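This report concerns only the one structure given below.
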Ligand SMILES: Cc1ncc(C[n+]2csc(CCOP(=O)(O)OP(=O)(O)O)c2C)c(N)n1
Ligand SMILES: [Mg+2]
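Residue numbers (this note's numbering), protein chains in the order written: chain Z, 14 to 337; chain V, 352 to 696.
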């Protein structure tokens, strides 16, 4: 039986803080973008915060993750610095990629984050490779590949999982099934009751959990990670959740109903977690308020400092292409 | 080796002189609507082309007019979509495959390069692959390195493919209709920054033939040859140059393969100076080939100045707006290079 997160003051506060950080960070991004202060494109994971929060709680700092175009949450949950993330989105020299990558390419190697990815399923074989490396180096590290339901249509998904299964690599394929890949419903796309049914065909364990429940995601990830570390090979996890916002700014939400969106807004993972923590006695209302206030302050200062940082410079573009 | 000609173009329907103003993406949609009305074998397949209307809104509401059978939403499976296009094209259909960003042709490359392009030749002409691939390329939207490339040279480098880069709304329509007629796989590289630009577009079932360059402006001092989004930048630059007493000819090849070398060489001979402008990275870009064609021809003897290339830096496209802008030729870069060419030589 795993730790009950909501009953543990420290874990509960940390998990709640992570979810609020993701929510507030993305609300700030949305606001800056809306006011024309941020450019490019963006993909928000508002509503999905419990997945990276629960999953990363089961990981060590030196465990690896690969992430996606919708990667702010993974990045924050693995321990990235919001100021450097915000600086990246604001095209600053102090950003994680020195303004060269933007939202879709943030990596934080210090916390094991091998990067967001602009290519759907691009990170899946990379996670397989990181797990291969961990196994060959004998480090006991584990890799978690966050990916969307839509990524399961890509050949790269199949090939990455096949190799991991053959070599019994320490990798967890964690699908955030937010019910759509852009406008394609995952129910229509894949002839499966549950996406985890697919795992059997690859000869690996598969499980479906409530992706809006931190504990459920944590438990499934913990079990998979423990197995992987012990040499038991890869696992597939489907975490069912929902993206509240459009796919990106070009989305007119024509493929889903207002009712559906409202229904899922009613399943907001944050108040759900707060209620559980109150009931379990892990957090008091004062604790909950303090977490929220602290995150707000932290984020506000992250945005301010990021804004004040110097703009990315074009001086050494040509010399930045090859490693030396 | 002979320079490819444009002989076997299907006859275009009688061109009406009538035009209407529409955007580049409306013009593409108009072409697809016309082709689908005429030929039940034509259909569209791609990610989010249905209800969503396409990542850039190009298919728009076509699904409401034509239905999901022929405006076919797919899973996120570029290789599968491309292969399904090849198979359908080999067996009597005329698919238009939309790839959301030309960068994702990388996922589909086996089906493009090893299958679609080679099947007709490899199988001794027994079958052909009348497929159109539509994909937006180019930078300028802040989408960074994996969503902003100009990859036309990849495709021109594969015998068996035709490659088209429309720079105006009218050409977007006319070239696409020609591509749909063509019995070969045709790669149509659209430009994201052009989708919302408007122009006069001929109405009805019109054609812009493959393999015929456009010369949207003639001047005596130099020839600027540009592709894709750089065509409008070259024309803007030409206006500025004219104010400074420099008269530029602007050539838009429109079709990269087959290439209208005749028009290129004729205009180069007439001006004696040539500036080649592409958004794609410099090394082994399409303009390297144009430069070689000029150098190997009798136009070489007419040159008063060395051939000059303006191209994207040899780097992945960066995210920061200033850096992104600095990575590819802008109007002021064209003006500066042209002025230099004319004043120095
Ligand atoms: C290879 C590739 N194909 C298509 C796209 C365009 N695209 C970006 S995200 C996306 C949907 C991805 O769906 P899913 O994997 O479910 O992730 P979600 O957006 O729901 O988080 C698409 C089609 C892409 N970036 N890369
Ligand atoms: Mg999804």
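In this text, a Cβ means the ideal position worked out from N, Cα and C, and glycines have one as well. Computed from a predicted model, the values in this text were never measured in an experiment.
Can you list the residues of chain Z that residue i reaches, using a CB-CB cut of under 7 Å?
| i | result |
| --- | --- |
| residue 430 of chain V | 168 |
| residue 502 of chain V | Those within 7 Å of residue 502 of chain V in chain Z number zero; the least Cβ separation is about 14 Å. |
| residue 498 of chain V | 131 |
| residue 659 of chain V | Correct list: empty, because the minimum Cβ distance to chain Z is about 19 Å. |
| residue 463 of chain V | Within 7 Å Cβ-Cβ: nothing; residue 463 of chain V doesn't reach chain Z, min ~14 Å. |
Assign residue i to buried or exposed, taking buried as 16 or more other Cβ atoms, counted over all protein chains shown, within 10 Å of its Cβ.
| i | result |
| --- | --- |
| residue 190 of chain Z | buried |
| residue 67 of chain Z | buried |
| residue 40 of chain Z | exposed |
| residue 335 of chain Z | exposed |
| residue 284 of chain Z | exposed |
| residue 695 of chain V | exposed |
| residue 362 of chain V | Residue placement at residue 362 of chain V cannot be trusted, given a pLDDT of 43 that sits under 50; what the coordinates show is reported in the next sentence. Exposed, by the Cβ-count rule. |
| residue 478 of chain V | exposed |
| residue 663 of chain V | buried |
| residue 159 of chain Z | buried |
| residue 474 of chain V | exposed |
| residue 187 of chain Z | buried |
| residue 702 of chain V | One cannot answer for residue 702 of chain V here, as it falls past the ends of chain V, which runs 352 to 696. |
| residue 278 of chain Z | exposed |
| residue 310 of chain Z | exposed |
| residue 687 of chain V | exposed |
| residue 501 of chain V | buried |
| residue 149 of chain Z | exposed |
| residue 371 of chain V | exposed |
| residue 445 of chain V | buried |
| residue 50 of chain Z | exposed |
| residue 472 of chain V | exposed |
| residue 354 of chain V | Residue placement at residue 354 of chain V cannot be trusted, given a pLDDT of 40 that sits under 50; what the coordinates show is reported in the next sentence. Exposed: under 16 other Cβ atoms inside 10 Å. |
| residue 391 of chain V | exposed |
I want to verify the contact list: residues of chain Z whose CB lies under 8 Å from the CB of residue i, in sequence order.
| i | result |
| --- | --- |
| residue 424 of chain V | 196, 197 |
| residue 427 of chain V | 133, 134, 163, 164, 166, 167, 194, 195, 197 |
Anything in chain V within Cβ reach of residue i, meaning under 9 Å, just list it in chain order.
| i | result |
| --- | --- |
| residue 211 of chain Z | Within 9 Å Cβ-Cβ: nothing; residue 211 of chain Z doesn't reach chain V, min ~13 Å. |
| residue 336 of chain Z | Per Cβ cutoff of 9 Å: no residues; residue 336 of chain Z is ~14 Å from chain V at best. |
For residue i, which residues in chain Z fall below 9 Å Cβ to Cβ?
| i | result |
| --- | --- |
| residue 678 of chain V | 327, 330 |
| residue 450 of chain V | Within chain Z, no residue comes near residue 450 of chain V; the closest Cβ sits about 12 Å away, beyond 9 Å. |
How would you list, in chain order, the residues of chain V whose beta-carbon sits under 8 Å from the beta-carbon of residue i?
| i | result |
| --- | --- |
| residue 52 of chain Z | 493, 672 |
| residue 112 of chain Z | 669, 670, 671, 674 |
| residue 324 of chain Z | 671, 673 |
| residue 202 of chain Z | 426 |
Along chain V, in chain order, which residues have C-beta atoms closer than 7 Å to that of residue i?
| i | result |
| --- | --- |
| residue 104 of chain Z | 670, 671, 672 |
Cβ-based contacts, 8 Å cut-off: residues of the region 469-495 of chain V near chain Z
Hits within the stretch, in order: 492, 493, 494, 495.
Can you find at least 3 beta carbon pairs, one from the region 301-312 of chain Z and one from the region 74-86 of chain Z, that sit closer than 8 Å?
Cβ pair count under 8 Å is below three, so no.
So if I threshold CB-CB distances at 9 Å, which residues from the region 398-411 of chain V count as touching chain Z?
Under the 9 Å Cβ criterion, the region 398-411 of chain V contributes 398, 399, 401, 402, 403, 404, 406, 407, 408.
Check whether the region 383-401 of chain V and the region 417-432 of chain V touch, using three or more Cβ-Cβ pairs below 8 Å as the test.
Contact between the region 383-401 of chain V and the region 417-432 of chain V is present, with at least three C-beta pairs closer than 8 Å.
Could you name the residues of the region 664-675 of chain V whose beta carbon sits closer than 8 Å to any beta carbon of chain Z, in the order they occur along the chain?
Here the close residues are 664, 665, 666, 667, 669, 670, 671, 672, 673, 674.
Flag this pair as touching only if the region 38-54 of chain Z and the region 207-227 of chain Z have three or more C-beta atom pairs under 8 Å; answer yes or no.
Result no; under three Cβ-Cβ pairs closer than 8 Å.
Across the region 279-293 of chain Z and the region 15-33 of chain Z, are there enough close Cβ pairs to call them in contact, namely three or more that are closer than 8 Å?
Taking a cut-off of 8 Å for Cβ pairs, the region 279-293 of chain Z and the region 15-33 of chain Z touch, as three or more such pairs fall below it.
Members of the region 262-296 of chain Z near chain V, C-beta cut-off 9 Å
For the region 262-296 of chain Z, which is checked against every Cβ of chain V, the residues closer than 9 Å are 263, 264, 265, 267, 268.
For the region 114-139 of chain Z, which residues have a beta carbon sitting closer than 7 Å to at least one beta carbon of chain V?
Taking 7 Å as the cut-off between beta carbons, the residues of the region 114-139 of chain Z near chain V are 114, 115, 117, 118, 131, 132, 133, in sequence order.
Where in the region 602-671 of chain V do unbroken runs of the beta strand (DSSP E), each at least 3 residues long, occur, reported from the N-terminal end onward?
Within the region 602-671 of chain V, complete beta strand (DSSP E) segments of at least 3 residues are found at 606-608, 625-632, 659-663, given in chain order.
Every unbroken alpha helix (DSSP H) within the region 479-523 of chain V, with a cutoff of 4 residues, ordered by chain
Listed in chain order, the complete alpha helix (DSSP H) runs (minimum 4 residues) inside the region 479-523 of chain V are 503-507.
At least three beta-carbon pairs within less than 8 Å, the region 656-673 of chain V to the region 559-567 of chain V:
With a cut-off of 8 Å, the region 559-567 of chain V and the region 656-673 of chain V do not count as touching, because too few Cβ pairs lie within range.
Pairing CB atoms from the region 573-587 of chain V with CB atoms from the region 668-682 of chain V, are three or more of them under 8 Å?
The region 573-587 of chain V, when compared against the region 668-682 of chain V, does touch it at the 8 Å Cβ threshold.
contact_flag[the region 517-528 of chain V, the region 449-469 of chain V] where n(CB pairs < 8 Å) is 3 or more
When C-beta atoms of the region 517-528 of chain V are compared with those of the region 449-469 of chain V, fewer than three pairs fall below 8 Å, so the two segments do not count as touching.
Okay, do the region 151-165 of chain Z and the region 111-123 of chain Z touch, 3+ Cβ pairs below 8 Å being the bar?
No, the region 151-165 of chain Z does not touch the region 111-123 of chain Z.
Taking 8 Å as the cut-off, does the region 636-654 of chain V touch the region 85-94 of chain Z (at least 3 CB pairs, one atom from each stretch)?
With a cut-off of 8 Å, the region 636-654 of chain V and the region 85-94 of chain Z do not count as touching, because too few Cβ pairs lie within range.
Could you give the uninterrupted runs of the alpha helix (DSSP H) lying entirely in the region 171-240 of chain Z, keeping only those of 4 residues or more?
As for any alpha helix (DSSP H) of minimum length 4 sitting wholly inside the region 171-240 of chain Z, the runs are 199-202, 211-214, ordered along the chain.
Check whether the region 524-532 of chain V touches the region 491-502 of chain V, taking contact to mean three or more Cβ pairs, one atom from each stretch, closer than 8 Å.
Verdict: no, contact absent.
Mind the definition here: the region 89-105 of chain Z touches the region 258-270 of chain Z only if three or more C-beta pairs lie below 8 Å; say whether that holds.
No: the two stretches stay apart, fewer than three of their Cβ pairs being nearer than 8 Å.
Counting beta carbon pairs with one atom in the region 611-620 of chain V and one in the region 632-647 of chain V, are three or more of them shorter than 8 Å?
In this structure the region 632-647 of chain V touches the region 611-620 of chain V; the number of beta carbon pairs closer than 8 Å is three or more.
Can we say the region 413-422 of chain V touches the region 372-388 of chain V, given the rule of at least three CB pairs closer than 8 Å?
At 8 Å Cβ cutoff, the stretches touch.
Touching by the beta-carbon criterion (3+ pairs, under 8 Å), the region 218-228 of chain Z and the region 167-175 of chain Z
The region 218-228 of chain Z vs the region 167-175 of chain Z: no contact.
Per the contact definition of three or more C-beta pairs closer than 8 Å, is the region 323-335 of chain Z in contact with the region 114-134 of chain Z?
Too few Cβ pairs lie closer than 8 Å, so no.
What are the start and end residues of each continuous beta strand (DSSP E) run of 3 or more residues lying completely inside the region 33-105 of chain Z, in chain order?
Qualifying beta strand (DSSP E) stretches, in chain order: 77-79.
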